[in-house]
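The next block holds one structure in the form of structure tokens; read it before the comments.
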Amino acid sequence: MKKKIGLLAGLVPLLIGTFSLGVYAASDIRLMVNGKQVNADIQIIDATSYVPLRAISELLGANVKWDEGSRTITINDKNLPFLRSYDVSVDITSGPLTMTVSKVTLDSAYAKDKYTAPIKAVILDVAIENISDNSISWYPTRGSLYLDTNEKAEASRSAYYSDPVDGVFEGKMKKKGKIVVQVNSNLDEITKINFLMDGATDGHTFKSVQTNPILLPITK
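Each number in this note's numbering corresponds to the 1-based position in the sequence shown with 1 added.
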């Protein structure tokens, strides 16, 4: 769960309810969170009760971040899986083969099926095409993913989770599927990825190939 809450009159409090308070002061109000009373600096503004956003959000198990540039407060629920997808358009060419990356997904609990344990992963939706009439071999699921969190993740570590999008490509063959790369980074901090792999081969390996940096179109 992700919420964005703008600032109100330069304050950070979170609106939690509206009451007809009459002559009651803020000190007369009890704040209960999950059945427990919480000491919080409650303010009354125009008959509306406000509480500190960070304190209450963290009591509810959420992470709170403040972005000065966009003046936005972001709340992430730590109890829910992190899942975001971004449409991209990136081509990686090696010899007569081209791999097109159309989507990047960040998933904190990706499972290939009900029999596999969930993993934290970066998932690339790809289509790989051999435009020649020759048989060419390519193994993108053995590539390396470089993140702007300073992590290098090997795709081979989680190759079982990937679809069979590599191997031998007969003439004019096209394969589609997902390349799944297990990572350790905080997914919320990833904004750019690079994918480096050995080149395709027809018996004489082409040079290693690397994507241009894939910038994720993240909206703050």
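Backbone N, C-alpha and C define an ideal beta-carbon position, used for all residues, glycine too.
Residue i versus residue j - alpha carbon distance
i      : j      : result
ARG72  : LEU54  : 14 Å
PHE207 : LEU188 : 33 Å
SER157 : ASN151 : 19 Å
TYR161 : LYS37  : 46 Å
VAL181 : VAL39  : 43 Å
SER50  : ILE30  : 9 Å
SER103 : LYS176 : 13 Å
ASP108 : SER58  : 23 Å
SER138 : ILE132 : 13 Å
LEU217 : ASN135 : 35 Å
LEU125 : VAL105 : 5 Å
LEU60  : THR212 : 42 Å
TYR87  : ALA56  : 32 Å
ILE76  : HIS205 : 52 Å
THR99  : ASP68  : 39 Å
Short Cβ contact (9 Å threshold) for residue i with residue j
i      : j      : result
ILE191 : VAL123 : yes
VAL52  : ALA63  : no
PHE83  : LEU146 : no
GLY144 : PRO165 : no
Buried versus exposed, by CB contacts within 10 Å (16 or more), residue i
i      : result
ILE46  : exposed
MET33  : exposed
VAL169 : exposed
TYR25  : Caution is warranted here: a pLDDT of 44 is assigned to TYR25, below 50, making its placement in the model unreliable, and the coordinate value is therefore given only provisionally. It counts as exposed.
GLY172 : exposed
ILE215 : buried
ALA118 : exposed
Beta carbon proximity, residue i to chain C, threshold 9 Å
i      : result
LEU125 : The structure shown contains no chain C; it holds only a single protein chain.
beta-carbon residue i near the ligand MG non-hydrogen atom, thresh 8 Å
i      : result
ASN185 : Among the components of this structure there are no ligands whatsoever, and the ligand MG is therefore not found.
As an exercise, report each continuous beta strand (DSSP E) stretch of at least 3 residues that is fully enclosed by the region 158–205, in chain order. 168–170, 175–183 and 193–198
Under 8 Å: do the region 194–202 and the region 81–101 share three or more Cβ pairs, one atom per stretch? Yes, the region 194–202 touches the region 81–101.
Which full runs of the beta strand (DSSP E) of 3+ residues lie inside the region 127–162, going along the chain? 137–139, 145–148 and 153–155
Uninterrupted beta strand (DSSP E) stretches inside the region 83–107 (no shorter than 3 residues): 84–95
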